[in-house]
Structure formats: C-alpha cells, structure tokens
Amino acid sequence: MTYSNRIESDKSPIIKADNVRFGWSSEALLLDGCSLQVPSGEFWMLLGNNGSGKSTLLRLLAGLLIPDAGSIVMPYKTGFVFQNPDHQLVMPTVGADIAFGLVSENLSQVQVRQRVKEALDAVNLLDLERRPIHALSGGQKQRIAIAGAIARNCQAILFDEPTALLDPDTQLELVAQVKNLVENRGLTALWVTHRLEELDYCDGAFLLEGGKVVAQGDPQSLKEKLLATERS
Numbered sequence: 001m002t003y004s005n006r007i008e009s010d011k012s013p014i015i016k017a018d019n020v021r022f023g024w025s026s027e028a029l030l031l032d033g034c035s036l037q038v039p040s041g042e043f044w045m046l047l048g049n050n051g052s053g054k055s056t057l058l059r060l061l062a063g064l065l066i067p068d069a070g071s072i073v074m075p076y077k078t079g080f081v082f083q084n085p086d087h088q089l090v091m092p093t094v095g096a097d098i099a100f101g102l103v104s105e106n107l108s109q110v111q112v113r114q115r116v117k118e119a120l121d122a123v124n125l126l127d128l129e130r131r132p133i134h135a136l137s138g139g140q141k142q143r144i145a146i147a148g149a150i151a152r153n154c155q156a157i158l159f160d161e162p163t164a165l166l167d168p169d170t171q172l173e174l175v176a177q178v179k180n181l182v183e184n185r186g187l188t189a190l191w192v193t194h195r196l197e198e199l200d201y202c203d204g205a206f207l208l209e210g211g212k213v214v215a216q217g218d219p220q221s222l223k224e225k226l227l228a229t230e231r232s
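Under my numbering, read the sequence shown as residues 1 to 232, first letter to last.
Next comes the structure, spelled out in structure tokens:
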C-alpha cells in the first residue's frame, strides 16, 4: 500500500484504488479489478448489495487488509468510523477517548485539551466532554468517533455504514453533519451505505457489483436508476 501526506489541488483524487483484487482464496474473490477515485474535499458514497465487497474495499483503503493485486493510495492520516461505534470507543469518557487517539503525537496536555475541545465543537458535542461513553446515544457515539478523526487532523475519513444501527431521524442528522464537515473543514469522505435516501447529501457515488465499480458519478442519477431497478 502507498500512502501520501500531501494534499493535491482541490479536485485531485485523494482516495484511490486502482485495479484492486482481493479474496480469502483464489477461488473466492471479493474484489476483482476494482478501481475508484474520490476527489479531495468531496463527499462520496459507495453502494452495493450485501456481500458485494463494500466493507472489504473500505478496509483495504484503510490499510486493515492488504490487496492481492493492484494499488491503493490514501492520505497519511485517515480516520475510520465503524458501523458499531462500541468497537472503537475504548475509554470511559468522551474527552478521554478522543485524547487517547492523540497519544502517539507527543503533544503537551494543553495541546491535547485544545484538540479535544476543537474536535467536540466541530461535531456540536462540546458540552459532553466529561460524559461517560455508556451514557451516549448511538448517534452521539458516531459523532465522537468522527471527533476522534478530527482531533488527529485526518485529511480523509472512511465510514463503514455508520447509520446502520441508527433510527431514521438520527441517520439523516448524521449524514447531514458529515456533509457540513466536508464542506466547512475541507475533509474528504467515503461513506458506505445501502440507504438510497442518503445519496441526497453527497457529491458523488459509486456502485459496486461483481467485485468492481460498475457505475459512478452523479448521485441523483444513480439513485433514480436504482429505484427504477427496484420497481421493475
């Protein structure tokens, strides 16, 4: 895997997968010739049926898995938000959990506190810094996971179906907030989903089928095609 810590011009791709192949065995490929590019500073979504390889591709992009072939280029600092936030929030309180992600950066206590407060402010949860993690709602936990990536100054964030465990209202609140973060902070985001209504909030979308991206571009056009397919 290749990493880059340089952000290119506004519309240059910052998340790249080129002809990626991956499988648990040579007879069972999940991805075969899969390619995509997400432009810097944009919010894109990745759709596909269950078992199409969406989460696998995201883990390859994050460096959690290694491709059998092909290349991946990602920013040096990339955040990852899991479907279930309980799998990544490990400290007892909100502030402590965000601070834990900064341990390797050799910051002073003052700098850590500042990063934590700025990140919580970005997700509108500044008043929850001392709140126990177990006392948070599902939507709040996902926003804390996002705040952790912001505190680390991540250039890109990968989201693995982050609304799958949320109620419909909280689901749309979260996707709208990520859209605002992308626009206001210059982040780049790739969001895995199967919910077509979430396409109303993104800049572009990919459709994954048969181990590769078979459609990409305008999210509304893709949404209309998928809805037409469901009705037929």
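All C-beta atoms, glycine included, are put in the ideal place defined by N, C-alpha and C.
Distance CB(residue i)-CB(residue j) smaller than 7 angstroms
i: K179; j: F43; result: yes
i: A149; j: G79; result: yes
i: I98; j: V116; result: yes
i: P162; j: Q140; result: no
i: L58; j: D160; result: yes
i: K212; j: C34; result: yes
i: A145; j: V81; result: yes
Close Cβ partners of residue i (< 6 angstroms) along its chain, the five nearest in sequence each way excluded
i: K16; result: Q37 and V73
i: M91; result: D97 and F100
i: G70; result: D18, N19, V20 and R21
i: G23; result: L29 and L30
Residue i versus residue j: straight-line alpha-carbon distance, rounded
i: L31; j: K54; result: 9 angstroms
i: L47; j: W191; result: 9 angstroms
i: P13; j: A205; result: 14 angstroms
i: V94; j: T229; result: 43 angstroms
i: Y76; j: A156; result: 9 angstroms
i: Y201; j: P39; result: 16 angstroms
i: Y3; j: E118; result: With a pLDDT of only 35 at Y3, under the threshold of 50, the placement of this residue in the model should not be trusted; the figure read from the coordinates follows. Taking the straight line joining both Cα atoms gives about 26 angstroms.
i: V214; j: S52; result: 12 angstroms
i: S26; j: L158; result: 27 angstroms
i: V112; j: A147; result: 13 angstroms
i: L263; j: P85; result: The displayed coordinates of the chain run from 1 to 232. Any statement about residue 263 would go beyond what the structure contains.
i: V182; j: Q83; result: 19 angstroms
i: Q220; j: L227; result: 10 angstroms
i: D169; j: G138; result: 12 angstroms
i: S207; j: S104; result: At residue 207 the sequence reads Leu, which differs from the Ser that was named. Each residue's Cα considered, the two are about 36 angstroms apart.
i: A28; j: G63; result: 21 angstroms
i: S232; j: T193; result: 22 angstroms
i: T188; j: K11; result: 11 angstroms
i: R130; j: Q114; result: 15 angstroms
i: H87; j: D68; result: 26 angstroms
Residues bridged to residue i (per DSSP)
i: D160; result: V192
i: S35; result: None, per the DSSP bridge assignment.
i: F22; result: L31
i: M91; result: Per DSSP, none; premise fails for M91.
i: Q177; result: BP columns for Q177 are empty, so no partner.
Same chain, Cβ closer than 8 angstroms to residue i, five either side skipped, listed in chain order
i: E8; result: Residue placement at E8 cannot be trusted, given a pLDDT of 38 that sits under 50; what the coordinates show is reported in the next sentence. The answer, listed in chain order, is I14 and S40.
i: E198; result: M45, T163, Q171, L172, V175 and W191
i: I133; result: L89, M91, P92, T93, V94, D97, K141 and I144
i: R185; result: A122 and I150
i: R195; result: T163 and Q171
i: L125; result: V94, Q140, R143, I144 and A147
i: T56; result: F22, L30, L31 and L65
Supposed contact pair residue j and residue i - C-beta distance, whole angstroms, cut 8 angstroms
i: L120; j: L107; result: About 16 angstroms separates the two Cβ atoms, so there is no contact after all.
Cβ neighbours of residue i in the same chain (closer than 7 angstroms, five flanking residues each side left out)
i: G217; result: G204
i: N153; result: K77
Residue i CB to nearest heavy atom of the ligand COA below 6 angstroms
i: D203; result: Ligands are entirely absent from the displayed structure, and the ligand COA is therefore not among its contents.
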